[in-house]
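Trainee: Sequential numbering from 0 applies to the sequence shown in numbering that gives the first Met the number 0.
Structure provided below as structure tokens; questions to follow.
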Amino acid sequence: MRARAVRSGLLIALLAAPPAAAEPDGAALFEARCAQCHGQDGRGGPGTQAFQMPMPDFTDCAFSAREPDSDWAAVIHLGGPGRGFSPLMPAHAETLTAAEIAAVLAHLRSLCRDERWPRGELNLPRPLVTEKAFPEDEAVATVFANTNRGGEVVSELLFEKRFGPRSQVELSLPFVARERPDSSGSWNGGVGDLGLGVKHAFFHSLDWGTIASLGAEVKLPTGDDDRGLGKGTTVFEPYLAWGQILPGGAFLQVQALGEFPTDRGIPDEFQLRSALGTSFTLKPFGRVISPMVEAVGSWAFVGGGVDEQWDLVPQVQIPLNRRQHIRLDLGVRIPLTDAGRRPTRFGIYLLWDWYDGGLLDGW
Ligand code: HEC
Numbered sequence: 000m001r002a003r004a005v006r007s008g009l010l011i012a013l014l015a016a017p018p019a020a021a022e023p024d025g026a027a028l029f030e031a032r033c034a035q036c037h038g039q040d041g042r043g044g045p046g047t048q049a050f051q052m053p054m055p056d057f058t059d060c061a062f063s064a065r066e067p068d069s070d071w072a073a074v075i076h077l078g079g080p081g082r083g084f085s086p087l088m089p090a091h092a093e094t095l096t097a098a099e100i101a102a103v104l105a106h107l108r109s110l111c112r113d114e115r116w117p118r119g120e121l122n123l124p125r126p127l128v129t130e131k132a133f134p135e136d137e138a139v140a141t142v143f144a145n146t147n148r149g150g151e152v153v154s155e156l157l158f159e160k161r162f163g164p165r166s167q168v169e170l171s172l173p174f175v176a177r178e179r180p181d182s183s184g185s186w187n188g189g190v191g192d193l194g195l196g197v198k199h200a201f202f203h204s205l206d207w208g209t210i211a212s213l214g215a216e217v218k219l220p221t222g223d224d225d226r227g228l229g230k231g232t233t234v235f236e237p238y239l240a241w242g243q244i245l246p247g248g249a250f251l252q253v254q255a256l257g258e259f260p261t262d263r264g265i266p267d268e269f270q271l272r273s274a275l276g277t278s279f280t281l282k283p284f285g286r287v288i289s290p291m292v293e294a295v296g297s298w299a300f301v302g303g304g305v306d307e308q309w310d311l312v313p314q315v316q317i318p319l320n321r322r323q324h325i326r327l328d329l330g331v332r333i334p335l336t337d338a339g340r341r342p343t344r345f346g347i348y349l350l351w352d353w354y355d356g357g358l359l360d361g362w
């Protein structure tokens, strides 16, 4: 009788005991190691810390969904300064194991429950020409300059702002400067056609590594078409944009667009743009460098025929500051077709992801 009771007691103890290599409990770790500053519920808020500074609210999907795991892992490992944040955020690389950091990160992820917000991992590096599928809060200044076949410099200021979980509006203003064809050496210049656009991500899945958007831009004839600075008519540009994460840090982005001048009602050009690239860091949690190559095909409908052209745009995107919300892209747009007539262009952009901080923050 007694021996049996002991045996069943042992059995119960064995069953109740945790397995030898227990998974770390992210919620318990958060409570013990993070809650004194970030709040039990992860919302920061007043009274959670001795210091007074705005704290991130991890339950706010508008903020948290856009942050990729890699950035949060970097801040948890290296502390705030690892990404140009406050040193009040301590480094945990020595005090937590990699498995514990992964568990606490999974707990942070569980605080935003609204699946409509696309995850930051799907925010692939912006190529020079191809429009991204991810909705952005960004300001970008782009310049393309001819390196041969006559002087031409086309700059564009672009401002993008998100609204709702999956949508974005944008405003673009080009400036065009062109050498006069009369070989006098003098230049023509001025404002080009102002663009107003919207974009909506109609599908996204982190499991698939896929995001797809529909967008449209209206280009208003603000540029003087007599001087070749604009098209002289309102142009409607609908497009489909698709982003795909590939294995090993690689990615593919594709955009298909049509140009419909409203004075004709029929398209006068189709373009297929694609960017294949990869992202890597030189050291763990370091800056993300993204070499890419774009292929840009265009089919212009002129005089009853079709003028097909292809360009290749090798380039590299590099972050300029530690927070990585200010980035530079350098590339060359090389004509593959009609190279004797079409110029090779040098391209550069400076990008500011203004949601992540001011221009002077995070260096
Ligand atoms: C001593 C206070 C303190 C503790 C403890 C602390 N944090 Fe922080 N954490 C901060 C502060 C302050 C910031 C904001 C820094 C800023 O905005 O400049 C921050 C920022 C962060 C961010 C960056 C959010 C963003 O804006 O992208 C993450 C992620 C984070 N903490 C996770 C954690 C985790 C996980 C733990 C526990 C393992 C933890 N923190 C413990 C103070 C703390």
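Think of the CB as a built atom: it goes at the ideal place given N, C-alpha and C, for glycine as much as any other residue.
Source: prediction; values computed, not measured.
For R108, report the span of its beta strand (DSSP E) as first-last.
Mentor: Careful: R108 lies outside any beta strand (DSSP E), inside the alpha helix (DSSP H) at A97 to S109.
Trainee: What did DSSP end up calling L28 once you bin it into helix, strand or coil?
Mentor: DSSP places L28 in helix when its eight states are reduced to three.
Trainee: Say yes only if the C-beta of I75 is nearer than 7 Å to one or more non-hydrogen atoms of the ligand HEC, and no if none qualify.
Mentor: Yes, the beta carbon of I75 sits closer than 7 Å to at least one heavy atom of the ligand HEC.
Trainee: Which full runs of the beta strand (DSSP E) of 3+ residues lie inside the region 132-159, going along the chain?
Mentor: Counting only runs of 3 or more, we get 137-145.
Trainee: Report buried or exposed for R263, applying the criterion of at least 16 other Cβ atoms within 10 angstroms of its Cβ.
Mentor: The residue is exposed, with fewer than 16 neighbouring Cβ atoms inside 10 Å.
Trainee: Where DSSP assigns a beta bridge to R161, which residues make up the other side?
Mentor: Answer is Q167, bridged to R161.
Trainee: Ordered along the chain, which non-local residues of its own chain (more than five positions away) have a Cβ less than 6 Å from that of Q254?
Mentor: Answer for Q254: T129, E130, Y238, A240 and R272, listed in chain order.
Trainee: Would you say S85 touches the ligand HEC, meaning its beta carbon is less than 7 Å from a heavy atom?
Mentor: Answer for S85: yes, Cβ within range of the ligand HEC.
Trainee: According to DSSP, is I75 helix, strand or coil?
Mentor: In this structure, I75 counts as helix in the three-state DSSP scheme.
Trainee: Between E114 and the ligand HEC, is the CB less than 7 Å from at least one heavy atom?
Mentor: Every heavy atom of the ligand HEC is 7 Å or more from the Cβ of E114, so no.
Trainee: The ligand HEC heavy atoms versus the CB of V103: any closer than 7 Å?
Mentor: Yes, the Cβ of V103 comes within 7 Å of a heavy atom of the ligand HEC.
Trainee: Around the Cβ of D56, are there at least 16 other Cβ atoms within 10 angstroms (buried) or fewer (exposed)?
Mentor: The residue is buried, with at least 16 neighbouring Cβ atoms inside 10 Å.
Trainee: Look at the Cβ atom of L350, then the Cβ atom of E137, and state whether they are nearer than 8 Å.
Mentor: Yes, they are a contact pair.
Trainee: Can you look up D306 in the DSSP assignment and give me helix, strand or coil?
Mentor: D306: strand per DSSP, three-state reduction.
Trainee: Rounded to the nearest angstrom, how far is the Cβ of G25 from that of P67, given a contact under 8 Å?
Mentor: Not really, about 18 Å apart at Cβ, beyond 8 Å.
Trainee: Report the CB separation of Q243 from T209 in whole angstroms; it is logged as a contact under 8 Å.
Mentor: About 6 Å separates the two Cβ atoms, so the contact holds.
Trainee: Chain D beta carbons: is any one of them nearer than 8 Å to that of Q270?
Mentor: Of the chains in the structure shown, none is chain D; there is only one protein chain.
Trainee: CB of P173 to nearest heavy atom of the ligand HEC: below 7 Å?
Mentor: Incorrect: P173 has no Cβ contact closer than 7 Å to the ligand HEC.
Trainee: In terms of residue numbering, what span does the beta strand (DSSP E) encompassing H324 cover?
Mentor: That residue, H324, is in no beta strand (DSSP E); it is neither H nor E in DSSP.
Trainee: Among the candidates D328, I333 and A90, whose CA atom is the shortest distance from the CA of G78?
Mentor: That would be A90, whose Cα lies nearest to the Cα of G78.
Trainee: By Cβ distance below 6 Å, which residues in the same chain neighbour T146 in space, the five residues on each side in sequence not counted?
Mentor: Only T343 and F345 meet the Cβ criterion.
Trainee: Give me the Cβ distance between L213 and H199, rounded to the nearest whole Å; I'm assuming they're in contact under 8 Å.
Mentor: 6 Å between Cβ atoms; contact.
Trainee: Relative to the ligand HEC, is the shortest distance from any of its heavy atoms to the C-beta of F29 smaller than 7 Å?
Mentor: Checking every heavy atom of the ligand HEC against the Cβ of F29, one is found closer than 7 Å.
Trainee: Could you check which residue in P180, A132 and A294 has the C-alpha nearest to that of G330?
Mentor: G330 has its Cα closest to that of A294, out of P180, A132 and A294.
Trainee: Count the C-beta pairs between the region 305-312 and the region 280-288 that are closer than 8 Å, then say yes if the count reaches three, no if not.
Mentor: They do not touch, by the three-pair rule.
Trainee: Could you check how far apart the C-beta atoms of G196 and E216 are, in whole angstroms? I think they sit under 8 Å.
Mentor: The pair is a contact, with the Cβ atoms about 4 Å apart (cut-off 8 Å).
Trainee: DSSP beta-bridge partners for Q270?
Mentor: In the DSSP output, where bridge partners are listed per residue, Q270 has L256 and S297.
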